[in-house]
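**Student:** Here it is: the structure, laid out below.
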Ligand SMILES: [Zn+2]
């Protein structure tokens, strides 16, 4: 009937159990819930109804900013975590094979930056560890609601996501839109930042207002890699202007006391350093996420963009920095006839030069 939760799955008992394990009630201040309810599917049914149950049992709510629905694929199991800011304890409950399995673990942010701390939390929380540790601790820190909104979509916080937040702030402060204008963001090279830019500026690949392309030799190579190109298109004059940005990863490392090389440690994700470096840098940036000028700067003068160029930069195989004149095209070594490829025709030219028949 209507008095019960008209929900495909009743998670109230699991929530009550988790509250008891934590020793809290819905009156306890400083509680926060993370869940993928609303995204997960249980027995073929959607799970948004669980949000109301969570609000009723825990007292946490979306409108208070204490219930954070975390984006997950529909093929992931339903889970929730209740976090107690007082103790930094949490209870994580996952619904699989018709039952909830609950685990209690302390996710203190400082401890999460150590190998031992991370390993213990990873053992308890499995593949949701990084999401839960970073988002719960950022919430505990008092991160802005729209920053948490980005983390819900991206399903974790990392220094890359924070860089996107900072870039969106920088754009808003320095390149406000005039009448008839709209943004296109070319994320090149793309990294986690694009997910914050999508959320904050509503620039999306589907609407072609956000285009992503990889570019070697930038991220985790340079202290200040290229981050992307902003194009401000004026639909009245049919002309655009653009500017390239760089992002200061070196400053991120200095402020967080991490090494740039530790973002790519030997062993990759199997090495706890991969995760602890990201956690450390995530928390290290939190005090500065309102200060984009510290990290974001133009990598070019402003330039004009034609409608032809706006189309071209979105095409496969086009380097947007070359197309828009920010960098010179790279010469292909050994390409003597200048067709952009190294073929037998080039070998022939080289041989002719070697025997003195021609000069290069
Ligand atoms: Zn990320």
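Numbering (this note's numbering), first residue to last: 2 to 361. Glycine residues also receive a C-beta, built at the ideal position from the N, C-alpha and C atoms.
1) At the level of alpha carbons, what is the spacing between residue 146 and residue 295?
2) According to DSSP, residue 220 sits in a beta bridge with which residue or residues?
3) Provide the residue span of the beta strand (DSSP E) that contains residue 68, from first to last.
4) State the start and end residues of the unbroken alpha helix (DSSP H) segment that holds residue 108.
5) For residue 240, which beta-bridge partners are listed by DSSP?
6) Please indicate yes or no: does the CB of residue 193 lie closer than 6 Å to some heavy atom of ligand 1?
7) Here's the rule: buried if 16 or more other CB atoms are within 10 angstroms of the residue's CB, otherwise exposed. What is residue 354?
8) Give me the Cβ distance between residue 282 and residue 259, rounded to the nearest whole Å; I'm assuming they're in contact under 8 Å.
9) Less than 6 Å separating the Cβ of residue 241 from some heavy atom of ligand 1?
10) Just to check my reading of the structure: residue 321 and residue 187 have Cβ atoms closer than 8 Å, yes? What is that Cβ distance to the nearest angstrom?
11) For residue 300, name the three-state secondary structure that DSSP assigns.
12) Do you know how far the Cα of residue 249 is from the Cα of residue 206?
13) What's the C-alpha gap between residue 275 and residue 122?
14) Leaving aside the five residues before and after residue 344 along the sequence, list all residues of the same chain whose C-beta is less than 6 Å from its C-beta, in chain order.
15) In whole angstroms, give me the CA-to-CA distance for residue 362 and residue 313.
16) May I ask you to report which of helix, strand or coil DSSP gives residue 79?
17) Reducing DSSP to helix, strand and coil, say where residue 62 ends up.
18) Tell me whether the stretch 62 to 72 and the stretch 152 to 163 touch, counting them as touching only if at least three CB pairs, one residue from each stretch, are closer than 8 Å.
19) Please tell me whether, using a cut-off of 6 Å, the distance from the CB of residue 151 to the nearest non-hydrogen atom of ligand 1 is below it.
20) Would DSSP call residue 322 helix, strand or coil?
21) Rank 348, 330, 329 by C-alpha distance to the C-alpha of residue 336 and give the top, closest one.
22) Nearer than 6 Å: is that true of the beta carbon of residue 162 relative to any heavy atom of ligand 1?
23) First and last residue of the beta strand (DSSP E) that includes residue 34?
24) Buried or exposed: where does residue 217 fall if 16 or more other Cβ atoms within 10 Å of its Cβ makes it buried?
**Tutor:** By the coordinates alone:
1) 21 Å
2) According to DSSP, residue 220 bridges with nothing at all.
3) 68 to 70
4) First-last for residue 108: undefined, no H or E at that position.
5) 235
6) yes
7) exposed
8) 5 Å
9) no
10) 5 Å
11) coil
12) 25 Å
13) 15 Å
14) none
15) What the structure shows of the chain is the stretch from 2 to 361, and residue 362 is not part of that stretch, so it cannot be assessed.
16) strand
17) coil
18) yes
19) no
20) helix
21) 348
22) yes
23) 32 to 36
24) exposed
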